[in-house]
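See below for the structure under consideration.
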Amino acid sequence: MVQNILDSIVKEGIKSIYKIDLEKVEFQETRKDFEGDITIVVFPLLKQIKGNPVEIANQIGSYVKEHADIVTGFNVVKGFLNLVITDSYYVDYFNEVSDFIDFGKVKEKSGAMMVEYSSPNTNKPLHLGHIRNNLLGYSVAEILSASGKKVYKTQIINDRGIHICKSMIAWLKYGEGKTPESTGLKGDKLVGNYYVKFDQEYKKEIGNLVAEGKSEEEAKKQAPILLEAQEMLLKWEAGDQETVSLWKKMNEWVYKGFDQSYKELGVDFDTNYFESNTYLLGKEVVAEGLKKGVFYKKEDGSVWIDLTDEGLDEKIVLRADGTAVYMTQDIGTAIQRLKDFPDIEGLVYTVGNEQDYHFKVLFLILKKMGFEWAQNLHHLSYGMVDLPEGKMKSREGTVVDADDLMSEMTRTAGEISEELGKLEGYTALEKQGLYKIIGLGALKYFILKVDPKKRILFDPKESIDFNGNTGPFIQYTYARIQSILRKANFVNKERIGVDTLHPKEKELLKLLQTYPVIIQNAAENLSPALVANFTYELVKSYNSFYQSVPIFGAAKEADKVLRVQLSYAVSCVIKSSFKLLGIEVPERM
RNA sequence: GGCCCCGUGGCGCAACUGAAUAGCGCAUCAGAUUUCGGCUCUGAGGGUUACAGGUUUGAAUCCUGUCGGGGUCACCA
């Protein structure tokens, strides 16, 4: 990087001129409306060097121009020292990259992380909210991996509890033995239908009870179908064979359905954890913590942690009857994961921001328990996806189903491509694959370009754009470059041999150079949005270059080589950055 | 009510974590192809960064308060 080269030279300069050891030089990219490539901000130096900022900037500028080969000129505006970097620096940089396919990625892994995402309940299908979760988690895993971590992708499947019992009861009462095979429905959809059915019956029964003179509150607790579900949960915990085998059967249906959705969405997992296996894990740990004095027991036997010193509340970690709560299980699961994968240094939990408090407490508990890795726990907290009518509610049928949305996107992409595409010679099957790439690209980019912590408003009627700052816009640019490379009979990356660059070429080279930094930044911030926005910048810059500079009509052969090579490099980085987002790119579209 | 997050042109998003005249897309208007894919490019209009104070040479960014939106305060997960 230019910064690294200049940093020491600037420090030397300041030492020789002012006899001062500087800790940090503040660089920033030069704004477009000024001449120069990199800017040193002089103001922060004024604390150590007394004087006029413009004068100081001029003195440093002269020194740097004198002593740094890569600096060919400078100008000073107010307290900003704008340095002009030689074209040859950027040409050399380009030539040093042996290939752009893996450019920016750190290959030698140091340390490992586990990323948890998705983690659905097994009583209903995936919806738009899960899509955001999956895309974020998957992408962050890819980004961490590119930044030099070994990464394990995982999820915890909430396969037990009252919710699945509700679906089971409703299926027993109204299912008539229907299966995914007999109905042709995806398993998760089938089971989800009975979850909805349960709720309908439940409401009906409440209505009846209220009509009989019970209060609303009483009715909610006494509705027979709810009692049946609760009874079933008890049976399940007691290991009742019939219940357990039904539970297994219905969960299997759901997993098959999920697998299909995950495959369609393009995400995967290295290992799964099931709540039915882990919900007891935390108990031992709690007992241990009780001995250590991290927790305390109340008279009724329930176990708590007092976090009032940290500005939080008291929090229960074990029920009076000795059964585990959500927190118990999460404590146990975290510890189990570190046992299973001893090389991991930390965990990333991709979970909506409604659980901010839960994770704050969880991390604090683990820290208090004395686990060193507790400081490497991150809650990748993201905002809800809202519809124009407000929150999605599965029971009220206002959810945007994940499968429906994906196929809708693919269909729309198909309509647009039929009209505009250049797909001579593509078979129907190839076309279908392409529409999927474009449709899902649009969806994924739409969601990932937004800062995770912000909420997203999704209006199904307005659908998703295909122009402007969108996935297909970027895919289009990629496809167009491929067309150029085909025409140029491009084979391999080769050295470029020019010594002056067109401003648009230089701009592109500058941007390419920042890609490795972007990856590190995105990893630190757990933010795919940074990668998305960078890619967009790059593509815009390339399109502008494309428009103002002829490639095949270049005056000199060396220029043509440069421009073809540059196009290739840009396409590699588009492909690679999109891969970090879990988005594919098409050869044509 | 306590605590947490958010508030940037009509709409959707940026701003390298405190720096120059707050950028971009959509929409609106005006232009560009004897040329490599026009799903492209160039330009114009549109802002007191919710509001009021404060810190700082410098604030969309940090602090305090107000208003508005969301979340959370379960022996649910």
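Under the working numbering, think of the first position of the first sequence as 9, with each following residue one higher. Quick reminder that beta carbons are idealized off the backbone N, C-alpha and C, glycines included.
Gly-429 and Glu-239 have their C-alpha atoms some 58 Å from each other. For Thr-358, the pairing in a beta bridge is given by DSSP as Leu-388. Under the three-state reduction of DSSP, His-138 is assigned to helix. Annotated as proximal: Gly-290 and Ile-339, with beta-carbon spacing under 8 Å.
Pairing Lys-452 with Gly-479 gives a Cβ-Cβ distance under 8 Å. Between Ile-165 and Phe-282 the beta-carbon gap is near 5 Å, inside 8 Å, which marks them as a contact. Taking the C-beta atoms as reference points, Ala-76 is found no nearer than 8 Å to Ile-22. Between the alpha carbons of Thr-38 and Val-293 lies a distance of about 54 Å. Within 10 angstroms of the beta-carbon of Ser-106 lie fewer than 16 other beta-carbons, which makes it exposed. Looking only at Val-407, Lys-306, Ile-446 and Lys-222, the smallest Cα-Cα distance to Thr-418 is reached by Ile-446. Around the Cβ of Gln-555, a 10 Å sphere holds fewer than 16 other Cβ atoms; the residue is exposed. Bounds of the alpha helix (DSSP H) holding Thr-341 are 334-348. Beta-bridge pairing by DSSP links Thr-279 to Thr-162. Its chain contains Gly-195 as the residues whose beta carbon lies nearer than 6 Å to that of Lys-264, once the 5 sequence neighbours on both sides are disregarded; these appear in chain order.
Setting aside the 5 residues that flank it on each side, Leu-442 is surrounded in the same chain by Pro-594, each with a C-beta closer than 6 Å to its C-beta; the list follows chain order.
Taking 8 Å as the cut-off, the beta carbon of Ala-237 is found closer than this to the beta carbon of Ile-177.
Around the beta-carbon of Gln-56, fewer than 16 other beta-carbon atoms lie within 10 Å, marking it exposed. Looking from the CA of Gly-112, the closest CA among Ala-577, Glu-245, Gly-590 and Ile-591 belongs to Ala-577.
The beta-carbon separation of Leu-493 and Leu-519, rounded to 19 Å, does not stay under the 8 Å limit for a contact.
Ranked by Cα distance from Val-50, the options Gly-44, Asn-129, Arg-503 and Ile-64 are led by Ile-64. Burial is judged here by how many other beta carbons sit within 10 angstroms of a residue's own beta carbon; Ile-591 has at least 16 and is buried.
By the Cβ rule, the segment 79-87 does not count as touching the segment 112-128, because fewer than three pairs are nearer than 8 Å. DSSP assignment within the segment 209-259 yields the following whole alpha helix (DSSP H) runs of 4 residues or more, N-terminal first: 224-230 and 232-245. Gln-56 sits in coil when the DSSP states are folded into three classes, being neither helix nor strand. Note on the segment 97-148: whole beta strand (DSSP E) runs with a minimum of 3 residues are 120-124, in chain order. Membership of Gly-290 in the alpha helix (DSSP H) is indicated by the continuous run 289-300. Assignment of Tyr-434 by DSSP, reduced to helix, strand and coil, places it in the coil class. Here Phe-303 carries a coil assignment [DSSP, helix/strand/coil]. Looking at Val-33, Ile-324 and Lys-19, the one whose alpha-carbon comes closest to that of Lys-27 is Lys-19. Taking each of Lys-32, Trp-244 and Lys-197 in turn and checking the Cα distance to Val-262, the smallest one comes out for Lys-197.
Per the DSSP secondary-structure output, Trp-312 pairs in a beta bridge with Tyr-304 and Ile-324.
Under the three-state reduction of DSSP, Gly-44 is assigned to coil, being neither helix nor strand.
For Val-10, the enclosing alpha helix (DSSP H) starts and ends at 10-26.
DSSP, reduced to helix, strand and coil, places Val-578 within a helical segment of the structure shown. Only buried fits Met-377, as 16 or more other CB atoms lie within 10 angstroms of its CB. Membership of Gln-490 in the alpha helix (DSSP H) is indicated by the continuous run 479-495.
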